[in-house]
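*Asks:* Following numbering that gives the first Met the number 0, the numbering of the sequence shown begins with 0 at its first residue and continues without gaps.
For glycine and all other residues, C-beta sits at the position ideal for the given N, C-alpha and C.
In this text the structure is predicted, and so the values were computed from the model without any measurement.
One structure follows; several queries about it will come next.
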Amino acid sequence: MYSAEYMLWNGSAFQELDLAESSSYTMELAEQLLDHYMVRGGTTYEFVYSVLDVDRKKVLFLMKEVDL
Numbered sequence: 000m001y002s003a004e005y006m007l008w009n010g011s012a013f014q015e016l017d018l019a020e021s022s023s024y025t026m027e028l029a030e031q032l033l034d035h036y037m038v039r040g041g042t043t044y045e046f047v048y049s050v051l052d053v054d055r056k057k058v059l060f061l062m063k064e065v066d067l
C-alpha cells in the first residue's frame with residue numbers, strides 16, 4: 000500500500016507539510032492524482048507536480064497554496 004507525502008512551496012523552496020488526514024488508500028491517492036486541487040483546514044492547495052517513489056512506497060505531491 001502506498002501513502003502520500005506532501006511538499007508545500009514557500010516561495011523559495013519546498014518544505015514538508017504534515018497533514019494529519021493524509022491518504023493511504025490507493026483509490027484516494029488516485030483521485031488526488033487526477034484532481035488539481037485539495038482543500039484541507041480551509042486552505043486550498045494546487046498540485047504542481049507528483050512523483051511515484053516505488054522504493055519508499057510513497058506518492059510525493061508538490062503543491063502550492065492558492066486563493067480561489
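Can you name, in chain order, every residue of its own chain whose Cβ lies under 7 Å from the Cβ of LEU16, other than the five neighbours on each side?
*Replies:* Cβ within range, chain order: TYR5, MET6, LEU7.
*Asks:* Rounded to the nearest angstrom, how far is the Cβ of VAL58 from that of THR43, given a contact under 8 Å?
*Replies:* That belief does not hold up - the Cβ atoms of VAL58 and THR43 are roughly 20 Å apart, past 8 Å.
*Asks:* Going by C-alpha to C-alpha distance, which of GLN31, TYR48, ALA12, SER2 sits closest to MET89?
*Replies:* As displayed, the chain neither begins before 0 nor continues past 67, which places residue 89 out of reach and without an answer.
*Asks:* Tell me where the alpha helix (DSSP H) around MET37 begins and ends.
*Replies:* Note, MET37: premise wrong, no alpha helix (DSSP H); beta strand (DSSP E) at 36-39.
*Asks:* Please state whether the Cβ-Cβ distance between GLU45 and HIS35 is less than 8 Å.
*Replies:* Cβ distance < 8 Å, so GLU45 and HIS35 count as in contact.
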